[in-house]
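*Asks:*
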Amino acid sequence: MTASLRGLRIVVSAGPTYEDIDPVRFLGNRSSGKMGFAIAASAARREADVVLVAGPVALATPDRVRRVDVRSAAQMRVAVLAALPADIYIAAAAVADFAPRHPSALKLKKSDTGDTLLLELVRTPDILAEVAAHLPRPRLVVGFAAETHELGRYAQGKLRDKKVDLIIANQVGMPGSGFESDDNMLTAFDHHGSHALGSGPKTELADALLDLVHERLGDGDATSATDPLAHRQR
Ligand code: C5P
Numbered sequence: 002m003t004a005s006l007r008g009l010r011i012v013v014s015a016g017p018t019y020e021d022i023d024p025v026r027f028l029g030n031r032s033s034g035k036m037g038f039a040i041a042a043s044a045a046r047r048e049a050d051v052v053l054v055a056g057p058v059a060l061a062t063p064d065r066v067r068r069v070d071v072r073s074a075a076q077m078r079v080a081v082l083a084a085l086p087a088d089i090y091i092a093a094a095a096v097a098d099f100a101p102r103h104p105s106a107l108k109l110k111k112s113d114t115g116d117t118l119l120l121e122l123v124r125t126p127d128i129l130a131e132v133a134a135h136l137p138r139p140r141l142v143v144g145f146a147a148e149t150h151e152l153g154r155y156a157q158g159k160l161r162d163k164k165v166d167l168i169i170a171n172q173v174g175m176p177g178s179g180f181e182s183d184d185n186m187l188t189a190f191d192h193h194g195s196h197a198l199g200s201g202p203k204t205e206l207a208d209a210l211l212d213l214v215h216e217r218l219g220d221g222d223a224t225s226a227t228d229p230l231a232h233r234q235r
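Each residue of the sequence shown is one higher than the last, beginning at 2 in this note's numbering.
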């Protein structure tokens with residue numbers, strides 16, 4: 002039987018972010034949002050109270066999910082923080098690491114720039130690390146890592162640096178996995194080791210991930226972070 006998440010509030014981020022260069026151009030990435038949407042759909046089927054913060058994607062909103070659409074990393078940060086407190090945060094979004102320092106209000110013209118154009122980029126806020134440091138902290142903070150190599154080493158580094166509870170690593174750059182694909186291959190890393198979630202359709206992997214989340218929350222304690230009494234007890 003599927004493990005219920007009834008009464009728990011889950012915030013999921015999904016999709017890419019777009020960082021504007023000017024009114025018609027942006028820096029983006031190839032994230033489809035499918036993994037995060039599958040997680041949100043599975044959590045809603047398990048009767049959780051789900052907020053899905055979605056970057057620009059062409060996907061239908063899953064049933065019984067509250068969706069907040071955003072475009073940039075800065076907007077995603079505001080929407081995610083506004084959705085707290087939560088019991089669980091799952092960061093499945095491919096947030097841009099850098100954004101143009103000075104987006105132009107007018108379209109950049111070739112004739113104005115000559116043969117080269119230098120874009121100055123600044124780091125975007127690390128939403129996952131901020132949520133992991135937020136008080137009250139979600140009981141479980143889960144990040145994703147898309148790597149082409151050395152999955153384990155990078156995942157362990159992210160667990161430590163961002164102070165999260167689980168990192169779900171997926172291998173990109175292989176056919177049948179990662180960005181744009183309907184399928185994926187996932188391994189969950191915690192501070193003690195790893196746990197293969199298997200490979201297959203993202204919808205099935207989302208279920209396997211939420212079973213693991215349920216297990217990590219511990220049995221019988223479905224007290225919600227949105228319950229004011231629960232806050233005082235924390
Ligand atoms: O460090 P890296 O970008 O590989 O970490 C990936 C994880 O961190 C993902 O869960 C992603 O959603 C999250 N992240 C974030 N804010 C950023 C960059 C990444 O929340 N600015």
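Glycine is no exception: its CB is placed at the ideal position from the N, C-alpha and C atoms.
Here the structure is a predicted model, which means the values were calculated and not measured.
Beta carbon of LYS35: closer than 8 Å to some heavy atom of ligand 1?
*Replies:* Answer for LYS35: no, Cβ out of range of ligand 1.
*Asks:* What are the residues that DSSP puts in a beta bridge with GLN172?
*Replies:* Looking at the DSSP assignment, GLN172 forms a beta bridge with GLU148.
*Asks:* Run through DSSP, which three-state label would ILE14 get?
*Replies:* It is worth fixing the name first, because residue 14 is Ser in this sequence and not Ile. Strand.
*Asks:* Quick one: any contact between the region 161 to 177 and the region 129 to 140, if contact means 3 or more CB pairs under 8 Å?
*Replies:* A contact exists between the region 161 to 177 and the region 129 to 140.
*Asks:* Return the chain-ordered list of same chain residues with a C-beta closer than 6 Å to the C-beta of ALA207, the five sequence neighbours on each side being excluded.
*Replies:* These residues qualify, in order along the chain: ALA39, ILE40, SER43.
*Asks:* Considering only DSSP beta bridges, list what LEU187 is partnered with.
*Replies:* The partner list for LEU187 (beta bridge, DSSP) reads ASN171, GLY199.
*Asks:* How would you call THR117, buried or exposed, if buried means at least 16 neighbouring beta carbons within 10 angstroms?
*Replies:* Classification of THR117: exposed, given that the 10 Å Cβ count is below 16.
*Asks:* Our contact map puts ASP70 next to ALA93 with C-beta atoms below 8 Å; I'd like the distance itself, whole angstroms only.
*Replies:* Not quite, the Cβ-Cβ distance comes to about 15 Å (not below 8 Å), so this is no contact.
*Asks:* By DSSP, does TYR155 sit in helix, in strand, or in coil?
*Replies:* It is helical.
*Asks:* Can you grab the Cα-Cα spacing for the pair ARG7 / THR204, in whole Å?
*Replies:* Approximately 19 Å between the Cα atoms of the pair.
*Asks:* Answer yes or no: do GLU151 and ASN171 have a C-beta to C-beta separation smaller than 9 Å?
*Replies:* Taking 9 Å as the Cβ cut-off, GLU151 and ASN171 do not qualify as a contacting pair.
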